[in-house]
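Enquirer: Residue numbers (the working numbering): 950 to 1530. We treat Cβ as the ideally placed atom computed from N, Cα and C, and that holds for glycine. Here the structure is a predicted model, which is why all the values come from computation and not from measurement.
1. Answer yes or no: do residue 1263 and residue 1226 have a C-beta to C-beta separation smaller than 7 Å?
2. Between the Cα of residue 1173 and those of 1268, 1126, 1214, spot the shortest distance and give me the residue it belongs to.
3. Comparing C-alpha positions only, which one of 1032, 1027, 1249 sits nearest to residue 1053?
4. In terms of residues, what are the limits of the beta strand (DSSP E) holding residue 1195?
5. Between 1130, 1244, 1067, which has its C-alpha nearest residue 1155's C-alpha?
6. Among the candidates 1029, 1014, 1009, 1196, whose CA atom is the shortest distance from the CA of residue 990?
7. Between the C-alpha atoms of residue 1309 and residue 1416, what's the straight-line distance to the nearest angstrom?
8. What is the DSSP secondary structure of residue 1058, counted as helix, strand or coil?
9. Using 8 Å for Cβ pairs, my map puts residue 1178 next to residue 1161. What's the rounded Cβ distance?
10. Check whether the segment 1314 to 1325 touches the segment 1336 to 1355, taking contact to mean three or more Cβ pairs, one atom from each stretch, closer than 8 Å.
11. Going by C-alpha to C-alpha distance, which of 1490, 1210, 1164, 1185 sits closest to residue 1198?
12. Would you decide whether residue 1187 is buried or exposed? Buried here means 16 or more other CB atoms lie within 10 Å of its CB.
13. Would the segment 1389 to 1398 and the segment 1357 to 1364 be scored as touching if the rule is three or more Cβ pairs under 8 Å?
14. Quick one: what's got a C-beta closer than 6 Å to residue 1407's C-beta in the same chain, skipping five residues either side?
15. Would you mind sorting residue 1016 into buried or exposed? The rule is 16 or more other CB atoms within 10 Å of its CB.
16. When you compare only the Cα positions, how much space is there between residue 1500 and residue 1368?
17. Would you list the one or two residues that DSSP bridges to residue 1406?
18. Quick check: the Cα distance between residue 1231 and residue 1246, rounded to an integer number of angstroms?
19. Does residue 1485 pass the burial test, meaning 16 or more other C-beta atoms within 10 Å, or should it be called exposed?
20. Using a Cβ-Cβ cutoff of less than 8 Å, which residues in the same chain neighbour residue 1495 once the five nearest sequence positions on both sides are dropped?
21. Taking only the alpha-carbon atoms, compute the straight-line gap between residue 1504 and residue 1314 and give it to the nearest angstrom.
22. Mind checking whether residue 1497 and residue 1405 have CB atoms under 7 Å apart?
23. DSSP has residue 1250 in a bridge; who is on the other side?
24. Please give the ranges of any beta strand (DSSP E) in the segment 1274 to 1325, keeping only runs that are unbroken, at least 3 residues long and fully inside the region.
25. Do residue 1441 and residue 1140 count as a contact pair if the criterion is CB distance below 7 Å?
26. Taking the straight line between their C-alpha atoms, what separation do you get for residue 1338 and residue 1381?
27. In its own chain, which residues sit with a C-beta less than 6 Å from the C-beta of residue 1411, not counting the 5 before and 5 after it?
28. For residue 1009, which residues of its own chain have a beta-carbon under 6 Å away from its beta-carbon, when the five flanking residues on both sides are left out?
29. Mind checking whether residue 1127 and residue 1426 have CB atoms under 7 Å apart?
30. Taking the beta carbon of residue 1481 as the centre, do at least 16 other beta carbons fall within 10 Å, making it buried, or is it exposed?
31. Go through its chain and collect everything with a Cβ distance to residue 1273's Cβ below 6 Å, but skip five positions before and after it.
32. Suppose the cutoff is 8 Å on Cβ atoms and the five residues either side in sequence are ignored; what does the same chain contact list for residue 1470 look like?
33. Step through the CB atoms of chain B and report whether any lies within less than 7 Å of the CB of residue 1120.
34. Straight-line CA distance for residue 1306 to residue 1284?
35. Anyone know if the C-beta pair for residue 901 and residue 1419 falls short of 7 Å?
36. Identify, in the order they occur along the chain, each residue of the same chain with its Cβ nearer than 6 Å to the Cβ of residue 1049, setting aside the five sequence neighbours on each side.
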């Protein structure tokens, strides 16, 4: 049950990884004549030649590293902290040294490796054992470099709204939250939104290392740049087919993938590209409405012709930075309110694993949860093999996080919430092996499973994500889209009638249910008031708990009334008919 230590959306990724079978499909390679190569060695040679041409460009020079004396040399304590960040049960390097041996090694090992690294940086021609180069520079040393270089990079970044992805305190939920608020603008006001989504070909593998180091030199200290040069210098890749490894080949561009540092370097590189794009468009980063997560870039504007102009300029700018836009995968989405929800094609558009339509996204999560639930059908059927508490625990670990992935971004109606809760209860009944003619009330079912109605989980996730978004120091797309929503009140005409249920209306409804507070969310002033409260985590947790308690109290009252009406209806049916006189 080690999955219980993960929180929120991170748990869902680990669950899918555990449930997905790791089956390697058969590899068939054809030669120039179209014949299938049957020899494994020849297959490896053909693949190696192909990859070598992709990752090694003869016209590009390797990163040069000269003698350098660090102002702040690496200490044994830093190496020890890097060792502690290693995870157990991971595949070792070519020296076959498991991470456990380094993680639990005596302090003398950290002292020796710290001296070896400092000596190598001072004189790059100094030979070092493969253990130091592979295990230290690729595994624990990446953590050390993260602390020294990657983390300060974002703190000193000159960008107003840096891209998300592979960063602390940022997740896909923040970007999906931003999309939900863009949709809310079109639900309330008479306007349309156009989204231009671009896809990059082999984004991580085409980075110009020299330009990357030039960008980093403007942000980081010389010591930190020197550490990154040591990581990017003389890199080599090796092909593995099955369990056998073959010859290595050099790589002189792109970021070597497989560690925690390479994605961060790509994010920094993409920031510089977007800033250069703004210079060519003659606008600021704040004026360019975009949502970025890793290599997924979405440009948003009210005018589709403006987006086409951005695409033309972006193609030239990205090519200058050695990045290629795949025009065949470019997505153009129009978000507009239609008389009938079935006419809104944008609802089935997928962004970062979630569908833009709330109800459509719920149906997608149900389908994924059903597939995960069926993987354990033997456990549910043979209930005598495991106790009831353990079966419920398995369900809460392996199925429920998949069902509630990004649920904090949903703005659901009461009917949709009721349908979701009914789906959840059907799963619990199957886990407990309760079938007709056996009966159990909803309250007893939740009590027996030691859980609560899903509306409580939705409210808690929604307000936790809301507070997390408001606490960001730098303005991010989610914050700016919330401000645009309330700033549009005086600039755009509204639709006639009631505003359809969406994320802003659900948040305001949650606040109205709390009779002990006068907080509301109807304008920019209310948003700033909530942002001030969110800066104090203790106050925000208290507010979240109070709102969840209000939701639970209202649900209990509704259940009491429903059961009373059901009982009265049953008694009426059992009464004998009156005799006619």
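Expert: Well, looking at it:
1. yes
2. 1214
3. 1032
4. 1193 to 1200
5. 1244
6. 1196
7. 25 Å
8. helix
9. About 10 Å separates the two Cβ atoms, so there is no contact after all.
10. yes
11. 1185
12. exposed
13. no
14. 1356
15. exposed
16. 17 Å
17. Answer is none; residue 1406 lacks a bridge partner.
18. 19 Å
19. exposed
20. 1463, 1465, 1466
21. 24 Å
22. yes
23. 1143
24. 1280 to 1284
25. yes
26. 9 Å
27. 1357
28. 1201, 1202
29. yes
30. exposed
31. 1150
32. 1453, 1456, 1457, 1460, 1476, 1479
33. Looking at the structure shown, chain B is missing, and only one protein chain is on hand.
34. 10 Å
35. Shown here, the chain extends from 950 to 1530; a query on residue 901 therefore has no answer.
36. 1037
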